[in-house]
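Take a look at the structure set out below.
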Amino acid sequence: MMGCEHIRNLAAMDDVDILAVADPNEEPRQWAQKYCADRFTPSVHEDYRDLLDNDDIDALVIASPNFTHIDLMRDVFKTDKHVMLEKPMCTTLADALELDNSAASHKGIVWVGLEYRYMPTTSALLLHLPEVGNVKMCAIQEHRFPFLRKVGDWNRFNRNTGGTLVEKCCHFFDLMNLVVPGNPKRVLASGAQSVNHLDEVYNGEVPDILDNAYVIVEYDTGARAMLDLCMFAEGSKFEQMIAVTGDDGKLETTVPGEEVFISKRERNSGKSVPIEIDIRVKHEGRHHGSSFLEHREFINAIREQKPPAVTTHDGLMSVLVGMAAQESIETGQAVDIQDLLTGNQ
Numbered sequence: 080m081m082g083c084e085h086i087r088n089l090a091a092m093d094d095v096d097i098l099a100v101a102d103p104n105e106e107p108r109q110w111a112q113k114y115c116a117d118r119f120t121p122s123v124h125e126d127y128r129d130l131l132d133n134d135d136i137d138a139l140v141i142a143s144p145n146f147t148h149i150d151l152m153r154d155v156f157k158t159d160k161h162v163m164l165e166k167p168m169c170t171t172l173a174d175a176l177e178l179d180n181s182a183a184s185h186k187g188i189v190w191v192g193l194e195y196r197y198m199p200t201t202s203a204l205l206l207h208l209p210e211v212g213n214v215k216m217c218a219i220q221e222h223r224f225p226f227l228r229k230v231g232d233w234n235r236f237n238r239n240t241g242g243t244l245v246e247k248c249c250h251f252f253d254l255m256n257l258v259v260p261g262n263p264k265r266v267l268a269s270g271a272q273s274v275n276h277l278d279e280v281y282n283g284e285v286p287d288i289l290d291n292a293y294v295i296v297e298y299d300t301g302a303r304a305m306l307d308l309c310m311f312a313e314g315s316k317f318e319q320m321i322a323v324t325g326d327d328g329k330l331e332t333t334v335p336g337e338e339v340f341i342s343k344r345e346r347n348s349g350k351s352v353p354i355e356i357d358i359r360v361k362h363e364g365r366h367h368g369s370s371f372l373e374h375r376e377f378i379n380a381i382r383e384q385k386p387p388a389v390t391t392h393d394g395l396m397s398v399l400v401g402m403a404a405q406e407s408i409e410t411g412q413a414v415d416i417q418d419l420l421t422g423n424q
């Protein structure tokens, strides 16, 4: 599914070519051929290693199930190829730490697919961030539809995804880490599987993925962030709402949305600032043009020999907070980030 989204975005560019696609399942291979048909004529493979052996391929896009990322990346690290790796980077902390360490010595660019940074409203919010002074609080709400079906229903189980707060919410923890000064220090969460997938059974197993949660993230600067997640709220006016508050003002925006609301400490000081249309975007897709911009930045980094804007360290920190939140829900206790890291050394 996400692999096809990448193809659709690349098809809107006139300076790239897709030489090959690989998937062990027949149906996704057919989807890939369908979306390539009007623009590309790639060779089609069952084994991704065929792509690693192709010297004509400069860069790879990995959009495989979460739990496969580490094994694929171990093979990529044997080459010099550039790679865009879909989020979440890994499903376990040990794997994420290994991948981050290996990326440091890899000759190619390793870019993690945290494209929410490039959504129109979130990128505008980041642009106006200095106007609120020192950030003290960040609140993100996502009220949306349940997880979609994936091939083989792999995304119905924590062991495959890393858990909802890793699989889906690494995007929001990445945004928090961008917005809030300092490093995440402690995480407290409460959540459950209350509504979704309870009547589904796969090989005798009922799905175990969370469909709602509250997560509080404390930073070592004293600032805090909060996530409010509900995945049985399809009718919500806005799928996401974001508020960032500093000692001098507040920013508010929504996804989808067309403006950022900026206010100072004084009453009635707020103003709505329209978001300018980014003329670079040739395909909006499922993520409001952010995937297109992500690819443009990735391609530019390769051609200009610049470091990635979204690093494996960013990927590590985004899943680290999610893993701490999952553990907090399981134990009923706040989780210290350093304790989590120490336990995996």
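The numbering used here applies: residue 80 is where the sequence shown begins, and numbers increase by one. By construction, the Cβ of each residue, glycine as well, lies at the ideal position given by its N, Cα and C atoms.
Report yes or no: do the region 284 to 297 and the region 190 to 200 share at least 3 C-beta pairs separated by less than 8 Å? By the Cβ rule, the region 284 to 297 does not count as touching the region 190 to 200, because fewer than three pairs are nearer than 8 Å.
is_contact[Cys115, chain D] using C-beta, thresh 7 Å: Protein chains in the displayed structure number just one, and chain D is not present.
Where Lys166 falls, given that 16 or more other Cβ within 10 Å makes a residue buried: The residue in question, Lys166, is buried, as its Cβ has 16 or more Cβ neighbours within 10 Å.
Tell me which same chain residues have a C-beta within less than 6 Å of the C-beta of Glu279, skipping the five on either side of it? These residues qualify, in order along the chain: Pro286.
CB contact flag (Trp190, Pro386, <7 Å): Not closer than 7 Å, so no.
Looking only at its chain, what residues have a beta carbon closer than 6 Å to the beta carbon of Gly394, apart from the 5 residues adjacent to it on each side? Cβ within range, chain order: Met168, Val191.
Restricting to runs no shorter than 4 residues, where is the alpha helix (DSSP H) found entirely within the region 332 to 418? Fully enclosed alpha helix (DSSP H) runs of 4 or longer: 369 to 382, 391 to 410.
Let me check one thing: in DSSP terms, what residues is Ser273 bridge-paired to? In DSSP, Ser273 forms no bridge with anything.
Assuming Val230 and Asn104 are in contact, meaning their beta carbons sit under 8 Å apart, how far apart are those beta carbons, in whole angstroms? The Cβ separation is near 5 Å, so the contact holds.
Check whether the region 106 to 121 and the region 201 to 214 touch, using three or more Cβ-Cβ pairs below 8 Å as the test. The region 106 to 121, when compared against the region 201 to 214, does not touch it at the 8 Å Cβ threshold.
By the three-class DSSP mapping on this structure, what secondary structure does His222 have? Annotated three-state conformation of His222 is strand, per DSSP.
Between the region 235 to 246 and the region 338 to 356, do three or more beta carbon pairs fall short of 8 Å? As far as the Cβ criterion goes, the region 235 to 246 does not touch the region 338 to 356, which means the pair count is below three.
For Lys215 and Met305, what's the separation of their Cα atoms in angstroms? If I take the Cα positions, the gap works out to 11 Å.
Pairwise C-alpha distance: Glu406 and Val398: Distance between the alpha carbons of Val398 and Glu406 is about 12 Å.
Local conformation of Thr158 per DSSP, three classes: Coil.
Is the separation between the beta-carbon of Leu419 and that of Ala403 shorter than 7 Å? Contact flag set, yes.
Using the C-alpha atoms, what's the distance from His362 back to Met163? Rounded to whole angstroms, the gap between the alpha carbons of Met163 and His362 is 18 Å.
As a quick exercise: from Ile188, Val339, Val323, Tyr298, pick the residue whose alpha carbon is nearest that of Ala138. Of the candidates Ile188, Val339, Val323, Tyr298, the one whose C-alpha sits nearest the C-alpha of Ala138 is Ile188.
Is the closest heavy atom of the ligand ATP to the C-beta of Asp159 under 6 Å? Judged by which ligands are present, the structure shown has none, so any question about the ligand ATP falls away.
6 Å Cβ shell around Asp102 - same chain, five flanking residues per side excluded: If you ignore the 5 residues before and after Asp102, its C-beta comes within less than 6 Å of the C-beta of Arg108, all in its own chain and listed in chain order.
Chain-order list of residues whose beta-carbon lies under 8 Å from that of Ile381 (same chain, five-residue window excluded): Here the set comprises Asp137, Ala138, His161, Ile188.
For a quick check, are the C-beta atoms of Asp299 and Gly212 less than 7 Å apart? It is not a contact, given that the beta carbons lie outside the stated cut-off.
Could you tell me if Met255 is buried or exposed, where buried requires 16 or more neighbouring beta carbons within 10 angstroms of its beta carbon? Buried, by the Cβ-count rule.
Where does Pro263 sit, in a helix, a strand or coil, going by DSSP? Strand.
Got a sec, what are the start and stop residues for the alpha helix (DSSP H) Ser181 sits in? Counting along the chain, the alpha helix (DSSP H) containing Ser181 begins and ends at 172 to 182.
Roughly how many whole angstroms lie between the Cα atoms of Asp415 and Asn180? Our two residues, Asp415 and Asn180, have alpha carbons roughly 22 Å apart in a direct line.
For Ala203, report the span of its alpha helix (DSSP H) as first-last. Taken as a continuous stretch (DSSP letters only), the alpha helix (DSSP H) holding Ala203 covers 199 to 206.
Just to confirm, are Gln319 and Asp290 a CB contact at a threshold of 7 Å? Result no, Cβ atoms of Gln319 and Asp290 do not sit closer than 7 Å.
Beta-ladder partner(s) of Lys329, from DSSP: In the DSSP output, where bridge partners are listed per residue, Lys329 has Thr324, Ser342.
Quick one: is Gln220 buried, meaning 16 or more other Cβ sit within 10 Å of its Cβ, or exposed? So Gln220 counts as buried.
Taking the straight line between their C-alpha atoms, what separation do you get for Thr324 and Gly314? Across the structure, Thr324 and Gly314 are spaced so that their CA atoms are roughly 27 Å apart.
What does a CB cutoff of less than 6 Å around Glu337 pick up in its chain, not counting 5 residues either side in sequence? Closer than 6 Å at the Cβ level, and outside the excluded window around Glu337, lie Ile354.
Residue range of the unbroken alpha helix (DSSP H) whose run includes Met92: Element bounds for Met92: n/a, residue is neither H nor E.
Within 10 angstroms of the Cβ of Asn239, are there 16 or more other Cβ atoms? Answer buried if so, exposed if not. Buried is the label assigned to Asn239, since at least 16 other Cβ atoms lie within 10 Å of its Cβ.
Taking Val259 as the reference, give the member of His276, His250, Ala302 with the closest Cα. Looking at the Cα atoms, Ala302 is the closest of the given residues.
Nearest-angstrom Cα separation, counted from Ala203 out to Ile341: Each residue's alpha carbon lies about 11 Å from the other.
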